[in-house]
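Numbering that gives the first Met the number 0 numbers the first residue of the sequence shown as 0 and each following residue consecutively.
Taking it in order: structure first as C-alpha cells, then the write-up.
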Amino acid sequence: MPRTNYAREQAVMPRQYTRHFHVRHYECDPYNHLNNVNYVRYMQEAALDASADVGWPTQRYMESGCGWFVRETEIEYLRPIGQGQTVGVTTWMEDVRRVRSQRRYEFKVEGSDDLAARANTEWVYLDMEKQMPLPVPDDIIQAYMPEGAPGASRQRNHFPKLPEQPKDVYTARHHVAWRDLDMMGHMNNANYLEYFEDATSQAGNKYGWPVTRLLKMGRAMVLRKMHVQYLQPALINDEIEVTTWFSHAEHIRARRHFTMHRISDHALLAQATSLWVSFDLNAQRPIAMPDGYVEDFAANGSPES
C-alpha cells in the first residue's frame, strides 16, 4: 500500500560519514577563529573521504571519466571554532535528482552537542571530457544509499536574484594563479570565497573602515551566511574581476553581494550573497554597527536597500 511504502521511505536514513579535523594555527584568522574559507575546505575533504568510504575514491572517478562538480555551496556559521580544537564534520548525500545530488554537512566541536556550522552543496555529475551533465549511475546511488533513496528531502534554497548594483560598486582585478588550482586544473571552490572575503576587506579600506579600525574598537564584521553559485570554471592565468556591493543594512547586520567575471569575454564565473553581523570581540556577542558605519558605505549600497 502507498501508505506503507511512504512510511518505509521516511524511515530510511542516508549513510553518514564523519571526518575529524584538528584546527591548526595557520587555519585561523586574527580573531583566533577558524577562517571561514577553511570550513569549505573541510567540507571538500569530508566529501572526498565519504565517497572513498563507499568504494568511490577520486582515482575511480578519474578512471571512469566522470565525476562530481559543485554547482552551489551554502553555509551558515553558528559558533566560532578556535585554534587547537577538534571538529567533526558529518556529511551525507541527502538526495539524487537525475544529474544532481544534494550533500549536507554538520560541524560539531569535540565535546559539544551544539552545531558550530551547517552547510549543503549541490553537486552535478559530469562527463569530465565533454563537461556535460550525466544521469547519476545506479551503482553510485546504491553505494551511497544501500537501503534505498530516502523520502522527499528538505526544500532546496535556490540561489536568489541579487539586488541591483549601485553606481559605486567596489571592483578588484586578479590573475588566477597556480596556487588557486585544484586537481582538475580549475580554481578550487573554496578559493572563490577567498576572493570574495578579500573584496569585502578592500571595500572597507575604500570607504574608511579598514579591519584595523574595527579591531581597535574591539569590533568586527563576522560572516554569518554565504551562498555561492559556480557557473563556469576559472582557469590558470584568467584575469578576473570581483565586484561587491551591499544591501539591507539593519542595526547589527548587512548583506553583501559578489560577482566574478572573466575579463576577456565578461563571462560570469560565479556569484554569491552573504550575511555579515556586527560583533563585539570582548563580549563575544552581536552589537549595533558603529556610528557612521552605514553612512560611510552609503555609495556602495544597492538602490533596492
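The beta-carbon is built from N, C-alpha and C at its ideal position, and this holds for glycine as well.
8 Å contact criterion, which residue i and residue j should meet: CB distance rounded
i    : j    : result
V123 : P132 : 5 Å
A287 : S277 : 6 Å
A275 : V210 : According to the sequence displayed, residue 275 carries Trp and not Ala. 12 Å between Cβ atoms; not a contact.
L280 : G217 : 5 Å
I74  : A118 : 4 Å
Residue i, buried or exposed, once every other Cβ within 10 Å from all chains shown has been counted against 16
i    : result
Q283 : exposed
M61  : exposed
I262 : exposed
I305 : Absent from the model: residue 305. The displayed extent of the chain is 0 to 304, so no value can be given.
Q130 : exposed
K160 : exposed
P136 : exposed
L114 : exposed
S63  : exposed
I235 : exposed
D237 : buried
E71  : buried
Option nearest residue i by Cα separation, candidates the options
i    : options                : result
M182 : Y104, M216, Q58, A271  : Q58
S111 : R99, D126, V88         : V88
G54  : Q141, Y41, G203        : Q141
E93  : W208, Y143, H256, I235 : Y143
G291 : G203, Q270, H226       : G203
N306 : Y25, P145, M259        : Since the first residue of the chain shown is 0 and the last is 304, residue 306 is not available in this structure.
G83  : W91, L268, V22, A298   : V22
K205 : H185, A171, N34        : A171
G147 : V95, L47, D179         : V95
Simplified DSSP assignment, three categories, for residue i
i    : result
Q43  : helix
R178 : helix
A233 : coil
N188 : helix
Y76  : strand
V227 : strand
S301 : coil
L213 : helix
G87  : strand
K205 : helix
R97  : coil
Q82  : coil
I239 : strand
F195 : helix
R252 : strand
E146 : coil
Notebook entry, point to check: When the Cβ atoms of the region 225-232 are set against those of the region 77-85, are three or more pairs found closer than 8 Å?
Noted result: no
Margin query: Contact between the region 99-116 and the region 165-182 is defined here as three or more beta-carbon pairs at a separation below 8 Å; is this criterion met?
Written below: no
Check: Any chance the region 36-52 sits against the region 175-193, with 3 or more Cβ pairs inside 8 Å?
Finding: yes
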